[in-house]
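Report on the following structure.
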Amino acid sequence: MTSVKEQEAIKKLMAFLQEWDSARKVARSRILDNFIKSNHGKTGPELELEFSQGASLFLARLTAWLRMIYMYGTCLGKLLKSIGIFLSAASGHRYLMEFLEIGGVLTLLEILGLSHLKEEDQRESVKLLQLVANAGRKYKELICESYGVQSIAEFLATSRSAEAQEEAQLLLESLGHGNPKYQNQVYKGLVAVLPCTSPRAQQLSLQTLRVMQDVVGEAPGSVAEPLLSVLRSRHLEVQYEAIQLLRALMACKVRLALLKGLVALLIAPREEAFAFCDETAQALLCLREPMLVYIQQAAAAKAIG
Numbered sequence: 002m003t004s005v006k007e008q009e010a011i012k013k014l015m016a017f018l019q020e021w022d023s024a025r026k027v028a029r030s031r032i033l034d035n036f037i038k039s040n041h042g043k044t045g046p047e048l049e050l051e052f053s054q055g056a057s058l059f060l061a062r063l064t065a066w067l068r069m070i071y072m073y074g075t076c077l078g079k080l081l082k083s084i085g086i087f088l089s090a091a092s093g094h095r096y097l098m099e100f101l102e103i104g105g106v107l108t109l110l111e112i113l114g115l116s117h118l119k120e121e122d123q124r125e126s127v128k129l130l131q132l133v134a135n136a137g138r139k140y141k142e143l144i145c146e147s148y149g150v151q152s153i154a155e156f157l158a159t160s161r162s163a164e165a166q167e168e169a170q171l172l173l174e175s176l177g178h179g180n181p182k183y184q185n186q187v188y189k190g191l192v193a194v195l196p197c198t199s200p201r202a203q204q205l206s207l208q209t210l211r212v213m214q215d216v217v218g219e220a221p222g223s224v225a226e227p228l229l230s231v232l233r234s235r236h237l238e239v240q241y242e243a244i245q246l247l248r249a250l251m252a253c254k255v256r257l258a259l260l261k262g263l264v265a266l267l268i269a270p271r272e273e274a275f276a277f278c279d280e281t282a283q284a285l286l287c288l289r290e291p292m293l294v295y296i297q298q299a300a301a302a303k304a305i306g
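With the sequence shown counted from 1, adding 1 to any position gets you this note's numbering.
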């Protein structure tokens, strides 16, 4: 038989769950605020004590609501933070398993691909994926098997938030280490980021590629063209990282292709290539293209030197 104290705790839990079940958006937002404020940093046993050994019942409700509303962004940031309290709880591995069993990874990855959502909410999704990846090799493999590398790399390339880009980089770096089955996939995903228009994403991708180089050993031949192209960047921090990666790759089989490409870049472009221009509408383009070529030449010279 349960004690009076235990019975009171169970009644309190049931009342809380009933309040959640009957609440609408505004009331649920308030419940989430209170939950985050009261339970941030708690361990698994502490959460169980708080919920009278029924914490999983609340987590199940959170994940069910997430699957219902993630496409619309309703309270999404608060909801992801609340789930994060469970996933980050020390001695709370059971919560991670419960989250994965309902397809949590796929939902988090889908959030990254929804451009109409707030980037701060998508950043919370990346943080939860980091918690999953940090749980061990088989969880990294699960993310990769769910086409996670492509989704995360695309988010890194298209995100407008520096903070979100850095979180995505950390996640890709985590997936690239201690994950031999998919490390080459992660490497290629980072290479795919290089042609993007975000200098920060290019810089972060180049940094991570250089860190991963010792892990993968040989680099794929597909790295040569996008790496040489990024030398056209007017951003010195991007050029620096590209040159550092080029030098690291000189010990790999792709060395010959890179050297040929660098030498080709040193050849001055023919003047007639820039001779034709339309009127005013094309004037800026005609000035810009030669400048980028010369920037690329200078960077190639630095790399060879």
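Where is the CB? At the ideal position from N, CA and C, for every residue including glycine. This structure is a prediction, so every number in the text was calculated from the model and none was measured.
Distance from the CA atom of L33 to the CA atom of T198, rounded to whole angstroms, is 37 Å. For N180, the number of other beta carbons within 10 angstroms of its own is at least 16, and it is reported as buried. With respect to the 8 Å criterion, E125 and L81 are classified as neighbours on the basis of their beta carbons. Excluding the 5 residues flanking it on each side, I11 has same chain C-beta neighbours closer than 7 Å at S53, in chain order.
Within the model, the alpha-carbon separation for L293 versus V239 is close to 14 Å. A direct Cα-Cα distance of roughly 54 Å separates E242 from L14. When the beta-carbon positions are compared, A158 and A202 come within less than 8 Å of each other. Separation of V106 and A134 (C-alpha to C-alpha, rounded to the nearest whole angstrom) is 10 Å.
In the three-state reduction of the DSSP assignment, E219 falls in the coil class, being assigned neither a helical nor a strand state. Sixteen is the threshold: since fewer than 16 other Cβ atoms of the shown chains lie within 10 Å of the Cβ of A24, the residue is exposed. Burial state of E168 is buried, judged by a 10 Å Cβ sphere holding 16 or more other Cβ atoms.
When only Cα atoms are considered, L257 and N185 end up about 21 Å apart. Just measuring C-alpha positions, the residue of A91, I153, I86 sitting nearest T108 is I153. Counting along the chain, the unbroken alpha helix (DSSP H) around F156 starts and ends at 149–159. With a contact defined as Cβ atoms closer than 8 Å, Q170 and T209 qualify at about 6 Å. The C-beta distance from L88 to L115 rounds to 21 Å, too long to fall under 8 Å, and the pair is not in contact. The alpha-carbon separation between M69 and W21 amounts to approximately 15 Å. Here T64 is buried, its C-beta having at least 16 other C-beta atoms within 10 Å. Secondary structure at Y73: coil, using DSSP grouped into helix, strand and coil.
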